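One gets my numbering by counting positions in the sequence shown from 1 and adding 38 to each. Don't be surprised by glycine CBs; every beta carbon is placed ideally from N, CA and C. These numbers were taken from a predicted model, which means no experiment stands behind them. Okay, so here's the structure we're looking at.
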Amino acid sequence: MVTLSRLRAVMRNAWGPDTCDPVDLMDWRPENPARGQCGVTALVVHDLLGGDLILGEVYEHGTRRGCHYWNRLPDGTEVDLTRDQFRPDEVVTAGSVVAQPFGSPRRCRGQYELLRHRVLAQLHDVGESDPHAPAPAGPPVKIASVLLVDPAEAVLLQLRDGDARAEPGQWSLPGGHVEDGEDPEQAARRELAEETRLIPDGELRLFCQLILPDLAGGGSRVEVRVYAGRCGFTSSDSTVVAEGRAASFIPFKDVTTVDLSPTAAAVLSRLRARPPESGDDRTT
């Protein structure tokens with residue numbers, strides 16, 4: 039049986055920048071892991087415990103800043119696992135019941151699926167989840183991506199197809215599978231050229247490495263190597279479409295206005311803290 043105390047601990051351990059709503063990504067910190075997690079958390083709690091989704095509004099000094107989700111369990115108990123994210127000057131109004139989206143949400147779909155996977159995996163380890171859940175199998179899926187930045191510090195992001203196997207319909211970094219016998223940096227350059235027809239100026243530097251679960255079920259995990267590079271033109275010069283639906287240079291200050299994929303969010307949260315020239319970050 040899933041208890042609230044157990045679920046609270048598991049949820050806190052599962053949160054990260056890659057499960058954060060992009061709107062709150064630049065405010066997310068390890069010391070405040072609940073920041074931006076309310077929507078996906080409420081959906082996962084509903085999946086496990088049922089009841090209703092509750093939606094309220096958030097005000098700061100009398101100005102509306104956003105909304106906040108929490109849960110009402112079937113017995114009428116209200117549960118809000120992310121309430122401690124708010125600062126003293128942020129006030130949450132009384133909420134009302136809202137309809138749960140059918141299946142995955144249209145926005146933050148990848149964040150929801152990633153959080154749900156992490157929570158169920160932790161519960162399964164102590165026998166509280168689906169005993170028939172398949173164990174990860176097969177070799178890791180190796181992905182190479184490019185963090186391309188223009189002279190105005192805009193970042194190249196690509197809108198993924200709605201039927202893509204991973205992170206469908208969300209904005210991510212250009213990249214793809216490392217082919218057999220291919221060096222990851224070569225794969226990053228090849229994927230960038232295939233997907234956007236762009237070539238970086240100069241070398242690519244290994245910016246970070248990520249280890250993610252393979253939610254598509256093709257391997258034991260996903261290993262992502264992200265290479266950072268520069269291009270010589272500004273974002274006003276180029277909006278490209280090759281593979282995928284669109285690719286655009288988006289000013290860094292505006293990246294949280296689009297529906298970022300979990301992978302892109304994880305990388306951009308690192309970019310917030312340091313420039314791409316600083317080299318290899320092996321934190322996963």
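Chain-order list of residues whose beta-carbon lies under 8 Å from that of residue i (same chain, five-residue window excluded)
i: residue 88; result: 111 and 112
i: residue 132; result: 94
i: residue 128; result: 96, 97, 98 and 103
i: residue 199; result: 206, 207, 282 and 283
Residue i versus the options, residue with shortest Cα-Cα distance
i: residue 263; options: 214, 158 and 187; result: 214
i: residue 196; options: 44, 64, 297 and 55; result: 297
i: residue 206; options: 283, 247 and 72; result: 283
i: residue 187; options: 252, 51, 129 and 310; result: 310
i: residue 55; options: 66, 292, 86 and 244; result: 66
i: residue 119; options: 53, 180, 147 and 269; result: 53
i: residue 305; options: 285, 252, 244 and 125; result: 244
i: residue 100; options: 130, 237, 80 and 147; result: 130
i: residue 176; options: 216, 252 and 123; result: 252
i: residue 68; options: 107, 76 and 123; result: 123
i: residue 144; options: 125, 201 and 106; result: 201
i: residue 289; options: 72, 137, 189 and 148; result: 189
Assigned exposure category for residue i - 16 Cβ within 10 Å defines buried
i: residue 91; result: buried
i: residue 78; result: buried
i: residue 49; result: buried
i: residue 222; result: buried
i: residue 287; result: buried
i: residue 109; result: buried
i: residue 235; result: exposed
i: residue 151; result: buried
Integer Cβ distance of residue i from residue j, believed to fall under 8 Å
i: residue 104; j: residue 61; result: 7 Å
i: residue 209; j: residue 142; result: About 16 Å separates the two Cβ atoms, so there is no contact after all.
i: residue 157; j: residue 82; result: 6 Å
i: residue 294; j: residue 248; result: About 19 Å separates the two Cβ atoms, so there is no contact after all.
i: residue 182; j: residue 229; result: 6 Å
i: residue 184; j: residue 267; result: 6 Å
i: residue 212; j: residue 233; result: 5 Å
Cut-off 7 Å between Cβ atoms - residues of its own chain near residue i, not counting five sequence neighbours on either side
i: residue 325; result: Residue 325 lies beyond the residue range present for the chain, which begins at 39 and ends at 322; the question has no answer from this structure.
i: residue 203; result: 254
i: residue 154; result: 82 and 85
i: residue 51; result: 160
i: residue 257; result: 176, 177, 178 and 179
Cross-strand partners of residue i (DSSP beta bridge)
i: residue 107; result: 93
i: residue 243; result: 266
i: residue 287; result: 194
i: residue 51; result: Partner(s): none; residue 51 has no beta bridge.
Cutoff 6 Å; reference residue i; Cβ partners in own chain excluding five residues on either side
i: residue 194; result: 186 and 287
i: residue 74; result: 58, 59, 62 and 66
i: residue 180; result: 216 and 261
Below-7 Å beta-carbon distance, residue i vs any chain B residue
i: residue 102; result: No chain B is part of this structure, which consists of one protein chain only.
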